[in-house]
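Participant: One structure coming up, written as structure tokens, with questions to follow.
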Amino acid sequence: MNNNQQKKEYKSDEEVIHFITENSAHAQPKKESFKRLLDKIQEDTPSPYLATRSNFLVFQKSFVFAFVAMLFFSGGAIYLQHKNNQPLSPSTNTLTSTTDVSDQGLANDVTNIDIQMSNLDADNQYVY
Amino acid sequence: MKNNESKDIVDLIKLAKKGDGEAFGYLYNEFYTHVYRYIYFRVGSWSSETAEDITQEVFLKAYNSFKNYSYSGTSPLAYFYTIARNILIDKGRKKKLTIERLDLKDTDIEEIPDESETRLEQNIREEKENDLHSTIHQLPKDQQDVIILKFIDGLSNTEISKVLQKSEVAIRQLQSKGLKSLRKILNKYE
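Line order of the protein sequences matches chains A and B.
Each residue of the first sequence is one higher than the one before, counting from 206 in my numbering.
Each residue of the second sequence is one higher than the one before, counting from 4 in my numbering.
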């Protein structure tokens with residue numbers, strides 16, 4: 206506070222308002238011309254062509270990425286299918302027919318055992 | 004409009020809403036100082052350069068979004084103040100604004116010199132302005148807003164209530180409290 210104001214006592218709102226208006230009246234900006242401001246606007250705003258091109262490049266990159274990803278997974282699936290030599294889908298009857306074959310094989314083995322047991326003598330010695 | 008008083012503000016607003024740079028330029032010239040003074044007294048003392056930067060930011064934002072502005076019969080000043088206030092709140096959240104004065108060296112800037120003012124008078128004026136800054140800054144933010152908009156920028160209570168999105172009764176209360184607090188602060192220096 207300067208000396209003049211230190212001596213003053215503010216008794217009413219009107220005196221405070223006068224203090225505000227008096228001391229704020231000289232606050233003036235160093236104003237930039239509007240033309241320069243417009244130039245700034247144009248610098249800050251990308252042209253419609255650039256914006257469209259940018260969007261296109263983003264789309265292009267996404268498309269290429271998706272295509273490469275699709276090729277990779279398809280190739281991987283085909284490779285695995287060939288490697289295992291069986292379709293990846295569980296919808297075929299492969300398992301069922303395998304089980305049938307095994308059962309038949311087991312039955313044959315049991316038959317063979319019976320035949321072999323019939324060749325044993327009373328001392329359980331094999332008779333050729 | 005000092006240079007184009009014949010132009011009706013409604014026509015200017017309509018043109019500016021369509022993106023007419025020249026029309027917006029008239030609004031800029033008309034309201035720049037008002038917006039600047041609000042920002043200047045809100046950001047702290049000795050920060051004229053910061054206030055100028057923020058004022059330009061306000062007008063850039065306003066220009067880019069002016070098509071969304073709806074004219075309701077009142078001055079677009081409330082619209083500019085609202086943008087200014089939002090920017091100040093946003094900047095306040097990010098970091099506390101530094102209070103320092105820098106000498107401008109940009110030759111492209113229009114100066115408004117007061118040639119009748121001597122060096123001594125200028126010093127006294129700056130000192131008084133600084134006193135005002137420091138007293139206003141001791142108030143709560145909402146009281147600062149009301150005091151600056153009412154007594155420095157000369158807005159009506161209706162306009163202030165639109166800017167601050169408070170009722171006119173609340174504005175009157177804030178104004179009364181603000182003046183009372185300012186009186187106490189000023190008398191404390193006795």
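By construction, the Cβ of each residue, glycine as well, lies at the ideal position given by its N, Cα and C atoms.
Nothing here was measured: the structure is a model prediction, and the numbers come from that model.
Could you tell me the distance, in whole angstroms, from the CA atom of A274 (chain A) to the CA atom of N289 (chain A)?
Facilitator: Distance between the alpha carbons of A274 (chain A) and N289 (chain A) is about 23 angstroms.
Participant: Does DSSP put Q147 (chain B) in a helix, in a strand, or in coil?
Facilitator: If DSSP states are grouped into helix, strand and coil, Q147 (chain B) belongs with the helices.
Participant: Using a Cβ-Cβ distance under 7 angstroms, would F239 (chain A) count as near chain B?
Facilitator: Answer yes: the Cβ-Cβ gap between F239 (chain A) and chain B drops below 7 angstroms somewhere.
Participant: Counting only the same chain and skipping the five closest in sequence on each side, list residues whose C-beta sits under 6 angstroms from that of I127 (chain B).
Facilitator: Excluding positions up to five away in sequence, the list is empty.
Participant: Using alpha carbons as the reference points, say which of B:Q59, B:A173, B:I86 lies closest to Y72 (chain B).
Facilitator: Measuring from the Cα of Y72 (chain B), the nearest candidate turns out to be B:I86.
Participant: Please tell me whether F154 (chain B) has its Cβ less than 7 angstroms away from any Cβ of chain A.
Facilitator: With 7 angstroms as the cut-off, F154 (chain B) counts as an interface residue toward chain A.
Participant: Assuming F268 (chain A) and N32 (chain B) form a contact by the criterion Cβ under 8 angstroms, report the distance between their Cβ atoms to the nearest whole angstrom.
Facilitator: Not confirmed; about 49 angstroms, so no contact.
Participant: What do you get for N67 (chain B), buried or exposed, if any count of 16 or more other CB atoms within 10 angstroms of its CB means buried?
Facilitator: Flag for N67 (chain B) reads exposed.
Participant: Let me know the secondary structure DSSP gives T58 (chain B) once reduced to three states.
Facilitator: Of the three classes helix, strand and coil, the one that applies to T58 (chain B) here is helix, per DSSP.
Participant: Hey, A54 (chain B) and Y39 (chain B): beta-carbon distance below 7 angstroms or not?
Facilitator: The answer is yes: Cβ separation under 7 angstroms.
Participant: Grouping DSSP H, G and I as helix and E and B as strand, with all else coil, what is S279 (chain A)?
Facilitator: Of the three classes helix, strand and coil, the one that applies to S279 (chain A) here is helix, per DSSP.
Participant: Going by beta-carbon coordinates alone, are Q176 (chain B) and K153 (chain B) separated by less than 7 angstroms?
Facilitator: Taking 7 angstroms as the Cβ cut-off, Q176 (chain B) and K153 (chain B) do not qualify as a contacting pair.
Participant: In the DSSP assignment, find the unbroken alpha helix (DSSP H) run with N228 (chain A) in it and report its ends.
Facilitator: Start and end: 218–229.
Participant: How would you label D106 (chain B), buried or exposed, when you count the other beta carbons within 10 angstroms and need 16 or more for buried?
Facilitator: Its pLDDT being 39, under 50, D106 (chain B) is placed unreliably in this model, and the value from its coordinates should be taken loosely. That one is exposed.
Participant: Tell me the DSSP secondary structure of D14 (chain B) in three-state form.
Facilitator: The answer is helix: DSSP assigns D14 (chain B) an H, G or I state.
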